[in-house]
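**Student:** Which chain is which? The protein sequence lines are W and R, in order.
The first sequence: position 122 = 192 (the numbering used here), numbered continuously.
The second sequence: position 68 = 1347 (the numbering used here), numbered continuously.
Ideal placement from N, C-alpha and C gives every residue a C-beta, glycine not left out.
Fair warning: this is a prediction, and the values are worked out from it, not measured in the lab.
Questions regarding the structure given below will be posed in turn.
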Amino acid sequence: MKVLELKNVHKVYNTTQVEVHAVNSVTLDFDQGEFAAIVGPSGSGKTTLLNMIGGLDKPSQGQILVNGTDLTRLKSSELIDFRLYNIGFVFQSYNLIPVLTAKENVEFIMNLQKWPREKRDRRTRELLEAVGLADRMNSRPAQMSGGQQQRVAVARALASKPKFILADEPTANLDTRSTENLLDIMETLNKNENMTFIFATHDPRVMKKAHRVITLEDGKVIEDRKKQ
Amino acid sequence: MKNYTYAWRNLWRNRRRTFITAASIFFAVFFALIMRSLQLGTYDYMFKNIIESYSGYIQVQNPEFWEDKVVDNTMLPDEDLISTLKADKNVLELIPRFESFALASSGSRTKGVMIMGINPEKENLLSDVKNKLVKYRLTEAAIDSLTREDIPRNTLRNLKLFSGSSYSGDGKLQTELGIRDKDTSHIMPLFRKHAGVQNGYFSQDSQGALVGNRLAQYLGLSRGDTIVLLGQGYHGTTAAGKYAIDGIVRLPAPDLDNKIVYLPVTRCQELYNAPGRLTALVLHIKDNSDRAIEQTVERLMSRIDSTYRLMGWKEMNDTIVNQMDADNKSGMIMIGILYLVIAFGVFGTVLMMTAERRREMGVLISIGMRKSKMAIIMLYEMLLIGIMGIMSGVAVSLPVIIYGYHHPIVFSSKMAKMWEDYGFEPVMAFQWIDTYFIWQSLVVAIIVLIAAMYPVFRIYRLKEVEALKA
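Written out as structure tokens, the structure is:
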């Protein structure tokens, strides 16, 4: 079942002197439960593409359909609600809320969705156990290592069971051990929860784990390879 | 998590900044309240002095008298008027007055004076003339004698500064001369001995007069001396009389002290050939609040006929009321400047707070937080800082104002002399807790809310992708 479709997506930045085609005629689709990586060198358009998929940026041309909803037609306020209920984000620099504990950070989106307390608590515990941080529930981000913070960020992204997770360079700030640990966790969650993961990365460790690797160059898809 | 809990935690991300901002609000509220209380309290004190020494709160007059204060415009109050006034629920007593002008002379000196015919007993209900009789006068001879006594050095220094001053009570003398409490038992008998003034009050039947202290000094009068009054009486008759000085009074309003001569009202009517006539009936009232006065005037106006006119104290003292109003406005400008400085301080914090959290705002909106919710959280943060500053400002200023209300600042030595030279009582009084507390707090709260509009504006203009790059 297709969860995400990109149809002839373009993104053009008009600078004062030249037009820059950050994303150029990209057509892709993703099935439920995929574990895909968008790769390419710096400036190839990975983050721009990911931002458009996440409804953070609008394409200059083309359509982005999530379960049939065209994101390009949604207003800014509708996009915020759409993201809340459909998309989970994992950022390169974790971006946890510094004044909240690990538990509160994971609960945050469920809170915004007004989940009942009991259900929220159960899900938070379940996710923090899954990412191996059940004992750090009451720690604040500043009291945790980078790897631990990124695991909390993954738990936060998964909390409300979105349609898919977008992760922009999630391992860029992590050491090898933390990266492998994080990728194992995400892979497990992908299997157990049938959650779609889309990474933008140039980390070979992520590419190795990914089941599908889409390579971008100068904004164009030059390769879309699915592993067996 | 509730919005306010999140906002509260955000406040403590940068404790120092939160404390500094709350402290700036605290100081704004504190100083504004103290300044306002002192300003309003001092006005009240001055008004009270004028009202209680001269005009009273409400007067009934001949309608012509206020514009043309001649004896021909006096009134002959009839029984109906008296009974109507006495029957009013806010009126306690009617105090008769006969006010005019005359030329006063003693020896070779002459001066235009205000003659005030009063009922010696009833007048004490309002202006308490009896307690304003001069008890001490620092003549050169008295100062000479006192300097030979064992008196602390600072009191001696102040004695020279206040040479020629008179006092109707021990308290003011002690304050102005800087006499300490522990020295009073030793020093006050010396003052009574060398600077004490023989003085007396008068009765309704008395043939004598009371004169203001400054006037007495100008005319060189003391108790038992004679003053000659010459003026124009009722219907053009000559008003001339000779009166012994029964006593010398010191009025707090220097202008009045410089020109007042009190006579028993019947003597005054005789002097002006106007038996039974009065220039005014002053109403001694129960409730002297502005609202009660307005209501009393309105009520009585509908009950008395048009041959009489009712005047409230503001109408009778419009010059001083206008002066105070102008001064009040300049005080408000000062407070406005204080608020402006604080507003920039608060705005600086808001700018910093918004700039350093731009990325976080981008993240939160990206993951699905509505902009309205984020704006509410920012508003809560500013409100919480505002509430902390305002509450602490109010809490700290309250005891200061309560203490100041019960213990007005009475200037001593040079400062007191300077105030008196400008024609003011050297007293700064505080006003009791009143609506100005609400107004000042409200103004600061509005400033904080206006400053909080900036992050709200920035949140609504925020572009997620740009914010995430911040």
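Quick one: what's got a C-beta closer than 7 Å to Gln219 (chain W)'s C-beta in the same chain, skipping five residues either side?
**Tutor:** Counting only Cβ-Cβ distances below 7 Å, and skipping sequence neighbours, we find Tyr164, Leu166, Pro211.
**Student:** On the criterion of 16 or more Cβ atoms from any shown chain inside 10 Å, does Asn1601 (chain R) qualify as buried, or is it exposed?
**Tutor:** exposed
**Student:** Taking only the alpha-carbon atoms, compute the straight-line gap between Ser1492 (chain R) and Ile1729 (chain R) and give it to the nearest angstrom.
**Tutor:** The residue you asked about is not Ser; residue 1492 (chain R) is Asn in the sequence shown. Each residue's Cα considered, the two are about 56 Å apart.
**Student:** Within 8 Å (strictly less), CB to CB, does Val1744 (chain R) reach chain W?
**Tutor:** Yes, because at least one Cβ of chain W sits closer than 8 Å to the Cβ of Val1744 (chain R).
**Student:** Taking the C-alpha atoms as reference points, what is the distance between Ser1585 (chain R) and Met1603 (chain R)?
**Tutor:** 32 Å
**Student:** Looking at Ser1332 (chain R) and Ala1532 (chain R), is the spacing between their C-beta atoms short of 8 Å?
**Tutor:** If you check the CB distance, Ala1532 (chain R) and Ser1332 (chain R) come in under 8 Å.
**Student:** As an exercise, report each continuous beta strand (DSSP E) stretch of at least 3 residues that is fully enclosed by the region 1564-1620 of chain R, in chain order.
**Tutor:** You should have 1588-1591.
**Student:** Is Ala1749 (chain R) helix, strand or coil when you go by DSSP?
**Tutor:** Correct three-state label for Ala1749 (chain R): coil.
**Student:** To the nearest angstrom, report how far apart Tyr1684 (chain R) and Gln183 (chain W) are at their CA atoms.
**Tutor:** 55 Å
**Student:** Mind pulling the chain R residues with CB within less than 8 Å of Ile150 (chain W)?
**Tutor:** Ile1644, Gly1647, Met1648, Arg1649, Lys1650
**Student:** Tell me, please, whether the CB atom of Arg1637 (chain R) is closer than 8 Å to any CB atom in chain W?
**Tutor:** no
**Student:** Would you say the region 1307-1314 of chain R touches the region 1609-1618 of chain R, given that touching needs at least three Cβ pairs under 8 Å?
**Tutor:** yes
**Student:** Beta-carbon separation of Glu1573 (chain R) and Gly1591 (chain R) under 8 Å?
**Tutor:** yes
**Student:** Pull out every residue of the region 1287-1309 of chain R whose Cβ sits closer than 8 Å to any Cβ of chain W, in chain order.
**Tutor:** Arg1288, Asn1289, Trp1291, Arg1292
**Student:** State the CB to CB distance for the pair Ile1524 (chain R) and Leu1500 (chain R), rounded to an integer number of angstroms; the pair is presumed to be in contact (CB under 8 Å).
**Tutor:** 5 Å
**Student:** Would the region 1315-1335 of chain R count as touching the region 1526-1544 of chain R if we require 3 or more Cβ pairs under 8 Å?
**Tutor:** yes
**Student:** Whole angstroms are fine: how far does the CA of Lys279 (chain W) sit from the CA of Gly115 (chain W)?
**Tutor:** 21 Å
**Student:** Quick check: is the beta carbon of Asn165 (chain W) nearer than 8 Å to any beta carbon in chain R?
**Tutor:** Yes, its Cβ sits closer than 8 Å to a Cβ of chain R.
**Student:** Taking the alpha-carbon positions, what's the Phe1626 (chain R) to Ile150 (chain W) distance?
**Tutor:** Distance from the CA of Phe1626 (chain R) to the CA of Ile150 (chain W), rounded to the nearest whole angstrom, comes to 29 Å.
**Student:** Using DSSP bridges, identify the partner residues of Tyr1522 (chain R).
**Tutor:** R:Ile1506
**Student:** Between Leu126 (chain W) and chain R, is the shortest Cβ-Cβ distance under 8 Å, so that the two count as touching?
**Tutor:** yes
**Student:** Using 10 angstroms around the beta-carbon of Asn121 (chain W), count the other beta-carbons present and answer buried if the total reaches 16, otherwise exposed.
**Tutor:** buried
**Student:** Within its chain, find whatever has a CB closer than 6 Å to the CB of Trp185 (chain W); leave out the 5 residues flanking it on each side and keep chain order.
**Tutor:** none
**Student:** Under three-state DSSP, which class holds Asp1359 (chain R)?
**Tutor:** helix
**Student:** Verify whether the separation of the beta carbon atoms of Phe234 (chain W) and Leu135 (chain W) is less than 8 Å.
**Tutor:** Cβ atoms of Phe234 (chain W) and Leu135 (chain W): not closer than 8 Å.
**Student:** With DSSP run on the structure shown, which of helix, strand or coil describes Met277 (chain W)?
**Tutor:** Looking at Met277 (chain W) - three-state DSSP - the assignment turns out to be helix.
**Student:** At what residues does the beta strand (DSSP E) containing Ile1397 (chain R) begin and finish?
**Tutor:** 1388-1397
**Student:** Who are the neighbours of Asn121 (chain W) on chain R, taking C-beta pairs under 7 Å?
**Tutor:** Val1744
**Student:** Kindly indicate if chain R contains any beta-carbon less than 8 Å away from that of Arg153 (chain W).
**Tutor:** Closer than 8 Å to some Cβ of chain R, the Cβ of Arg153 (chain W) qualifies, so yes.
**Student:** How about Leu1425 (chain R) and Leu1469 (chain R): are their beta carbons less than 8 Å apart?
**Tutor:** In contact: Leu1425 (chain R) and Leu1469 (chain R) (Cβ atoms closer than 8 Å).
**Student:** With a cut-off of 8 Å on the beta carbons, I'd call Asn208 (chain W) and Lys173 (chain W) a contact; round off their distance for me.
**Tutor:** 6 Å
**Student:** Arg1288 (chain R) to Arg1570 (chain R), Cα distance in whole Å?
**Tutor:** 47 Å
**Student:** Taking 8 Å as the CB-CB cut-off, is Leu182 (chain W) touching chain R?
**Tutor:** yes
**Student:** Quick one: residues in its chain with C-beta nearer than 8 Å to the C-beta of Gly1386 (chain R), no 5 flanking neighbours on either side, listed in chain order?
**Tutor:** The answer, listed in chain order, is Leu1498, Gly1499.
**Student:** Mapping DSSP to helix, strand and coil, what is Gly115 (chain W)?
**Tutor:** coil
**Student:** Got a sec, what are the start and stop residues for the alpha helix (DSSP H) Leu1530 (chain R) sits in?
**Tutor:** Taken as a continuous stretch (DSSP letters only), Leu1530 (chain R) belongs to no alpha helix (DSSP H), as it is neither H nor E.
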